[in-house]
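**Q**
Residue numbers (our numbering), protein chains in the order written: chain L, 1 to 242; chain P, 243 to 484.
1. From the DSSP output, in three-state form, read off residue 29 of chain L for me.
2. Identify whether residue 186 of chain P lies in helix, strand or coil by the three-state DSSP scheme.
3. Within the 9 Å Cβ cut-off, does residue 145 of chain L reach chain P?
4. What are the residues in the stretch 360–392 of chain P lying within 7 Å of chain L by C-beta distance?
5. Evaluate the contact criterion for the stretch 292–302 of chain P versus the stretch 149–169 of chain L: three or more CB pairs, one atom per stretch, below 8 Å.
6. Cα separation between residue 477 of chain P and residue 136 of chain L?
7. Could you tell me the boundaries of the alpha helix (DSSP H) in which residue 18 of chain L lies?
8. Under 8 Å between beta-carbons, which chain L residues line up against residue 339 of chain P? List them in chain order, please.
9. Rounded C-beta distance between residue 320 of chain P and residue 274 of chain P? I'm assuming under 8 Å.
10. From the DSSP output, read off the bridge partner residues of residue 312 of chain P.
11. Identify the continuous beta strand (DSSP E) that holds residue 103 of chain L and give its terminal residues.
12. Could you tell me whether the stretch 20–27 of chain L touches the stretch 73–87 of chain L, using the rule of 3 or more Cβ pairs below 8 Å?
13. With distances taken Cα to Cα, identify the nearest neighbour of residue 210 of chain P among P/317, P/460, P/391, P/427.
14. Taking the beta strand (DSSP E) that residue 248 of chain P belongs to, which residues open and close that run?
15. Can a CB atom of chain P be found closer than 9 Å to the CB of residue 249 of chain L?
16. Using a Cβ-Cβ distance cut-off of 9 Å, determine whether residue 333 of chain P contacts chain L.
17. Which chain P residues sit within Cβ distance under 7 Å of residue 56 of chain L?
18. Please go through the same chain and pick out, in chain order, the residues whose beta-carbon is closer than 7 Å to the beta-carbon of residue 177 of chain L, but skip the five residues on each side of it.
19. Chain P partners of residue 60 of chain L, CB-CB under 7 Å?
20. By the three-class DSSP mapping on this structure, what secondary structure does residue 429 of chain P have?
21. Would you mind listing the alpha helix (DSSP H) stretches within the stretch 160–233 of chain L that are 4+ residues and don't spill past its ends, in chain order?
22. At what residues does the alpha helix (DSSP H) containing residue 41 of chain L begin and finish?
23. Whose Cβ in chain P lies nearer than 9 Å to the Cβ of residue 115 of chain L?
24. In the DSSP assignment, the alpha helix (DSSP H) including residue 384 of chain P goes from what residue to what residue?
25. Is residue 6 of chain L closer than 9 Å to residue 63 of chain L when the C-beta atoms are compared?
26. Under 9 Å, Cβ to Cβ, is there at least one residue of chain P near residue 94 of chain L?
27. Whole angstroms are fine: how far does the CA of residue 373 of chain P sit from the CA of residue 82 of chain L?
28. Is it buried or exposed for residue 414 of chain P, if we count other Cβ within 10 angstroms and need 16 for buried?
29. Run the CB neighbour count on residue 315 of chain P, radius 10 Å, all protein chains shown included, and call it buried at 16 or more, exposed below.
30. So, for residue 458 of chain P: in the same chain, excluding its five sequence neighbours on each side, which residues have a beta-carbon less than 8 Å away from its beta-carbon?
31. Taking 7 Å as the limit between beta carbons, can you name the residues of its chain near residue 444 of chain P, skipping five residues before and five after?
32. Which residues in the same chain as residue 133 of chain L place their Cβ atom closer than 7 Å to its Cβ, once the five residues preceding and following it in sequence are excluded?
33. Are the Cβ atoms of residue 484 of chain P and residue 446 of chain P separated by less than 9 Å?
34. Go ahead and pull the three-state DSSP assignment for residue 56 of chain L.
35. Does DSSP classify residue 129 of chain L as helix, strand or coil?
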């Protein structure tokens with residue numbers, strides 16, 4: 001059955017981690033809210049489905065995945081579900097859990113990246129929290145980016161099956177998510193992430209390798225890949241980089 | 243084999259969600275860092291084990307769980323692992339995934355609660371980011387607490403097996419984690435959470451019911467339960483409540 005991904009139609013956001021897994025696996029899916037409204041897409045459909053009273057297990061927020069009668073929310077939970085089904089979670093139960101642990105750490109860094117431009121309230125404009133954003137972004141650049149990327153570098157260095165993948169010797173959704181995290185950091189913090197990546201060559205190489213994979217590259221070059229923009233999580237505000 | 247929980251010895255923090263699951267299930271475990279240093283406890287042991295070079299799959303931060311030769315980090319991943327083993331993840335694969343989705347949403351709210359007192363940088367003192375904390379706490383009180391608790395109220399109301407549990411008709415780690423979230427909010431934001439809980443009676447009842455369960459109550463009254471304090475996630479700073 002064709003999988004349905006429900007997410008904001010104009011940003012990469014958290015949905016992008018799911019899109020990348022689906023694309024890298026060549027899965028049949030519909031990005032529902034990106035369909036024309038006449039064909040059941042659009043944000044109003046997204047909001048209606050999110051709060052569908054017939055769903056006994058509603059999600060808190062997009063993204064959510066529909067697979068037949070299953071509705072699954074939370075990016076990491078969606079990937080936990082899809083991972084083994086798409087062949088993107090290693091080769092054992094231990095691998096699957098480790099892949100998930102890596103994903104949760106990516107998610108922590110993504111949430112912190114978001115809060116660099118919205119440290120006070122998601123509902124306020126960036127311009128109204130710019131001073132706090134400058135302070136938070138400085139800490140993120142100086143402390144957090146090196147710490148997160150340094151940890152992934154360590155994980156790659158300790159992988160007994162070689163440092164080309166985070167889990168074993170094959171692609172998992174953790175690799176795809178680290179690719180996306182690095183892509184986002186390079187967009188939002190080109191100077192700071194450039195410095196950090198110079199210290200984390202295995203992470204930089206993984207990012208390059210994942211982007212060169214046939215299905216991933218085809219996706220990135222297709223109109224299905226939404227460009228980074230200043231409504232998403234990773235925003236290129238020059239005053240937040242240094 | 244006795245499970246080993248590794249977490250900061252002086253706070254509830256994120257480790258508390260694991261402690262509650264272990265305690266509610268009557269599991270045999272050691273809270274390693276709370277052992278005396280002479281018996282292998284203490285923070286220096288915690289930091290050493292976190293970065294043990296012999297561990298090919300190191301965790302980013304505490305808590306982590308050791309079960310024989312398995313080492314698992316990230317609170318939600320630990321609970322994903324423990325849930326079925328402790329009988330705290332429902333009765334089906336779908337229940338287990340839904341329990342995890344609920345946990346991830348609790349975790350999102352916990353991270354936001356933390357950032358009310360540290361909106362700029364974890365490495366700075368609260369006093370040095372107090373102004374931003376006041377603004378962020380206001381948004382958390384007015385927007386986020388009602389939204390999160392309102393969502394859990396909806397989930398309880400839609401549970402086809404009755405509104406006493408989040409998943410099916412038995413205790414899961416999601417119930418325990420919602421209990422802990424409510425306990426923390428009541429400590430840190432007694433006024434704001436009191437208002438929100440008046441609008442979410444099922445959540446308030448779940449919190450009361452979980453706290454009355456025999457093993458949970460015994461734990462809460464034991465010296466193993468660390469009191470809330472102003473080094474943890476939920477901090478009673480009166481100026482952040484209203």
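For glycine and all other residues, C-beta sits at the position ideal for the given N, C-alpha and C.
**A** Let me lay it out:
1. strand
2. Since the first and last residues shown for chain P are 243 and 484, residue 186 of chain P lies out of range.
3. no
4. 361, 362, 363, 365, 374, 377, 378, 381, 385
5. yes
6. 21 Å
7. That run of the alpha helix (DSSP H) goes 15–24.
8. In chain order: 72, 77, 80, 81.
9. Going by Cβ atoms, the distance from residue 320 of chain P to residue 274 of chain P rounds to 14 Å, so no, they are not a contact pair.
10. DSSP, once it has assigned bridges, lists P/309 as partnering residue 312 of chain P.
11. It is not in any beta strand (DSSP E) - residue 103 of chain L instead sits in the alpha helix (DSSP H) that spans 93–117.
12. Enough Cβ pairs lie closer than 8 Å, so yes.
13. Here chain P has residues from 243 to 484 only, and residue 210 of chain P is not among them.
14. First-last of the beta strand (DSSP E) with residue 248 of chain P: 245–248.
15. The structure shown does not extend to residue 249 of chain L, since chain L is modelled only from 1 through 242, so no value can be given for it.
16. no
17. 400, 401, 402
18. 17, 103, 106
19. Near residue 60 of chain L (Cβ distances below 7 Å), the residues of chain P are 347, 393.
20. DSSP places residue 429 of chain P within a helical segment (H, G or I) once states are collapsed to three.
21. 173–188, 190–198, 201–212, 214–220
22. First-last for residue 41 of chain L: undefined, no H or E at that position.
23. 357, 361
24. Run containing residue 384 of chain P: none; DSSP gives neither H nor E here.
25. Result yes, Cβ atoms of residue 63 of chain L and residue 6 of chain L sit closer than 9 Å.
26. yes
27. 43 Å
28. Buried.
29. buried
30. 262, 265, 266, 418, 421, 452
31. So the list reads 395, 398, 399, 405, once near-sequence residues are dropped.
32. 116, 117, 119, 126, 240
33. No. Outside cutoff.
34. Note: residue 56 of chain L maps to coil in three-state DSSP.
35. helix
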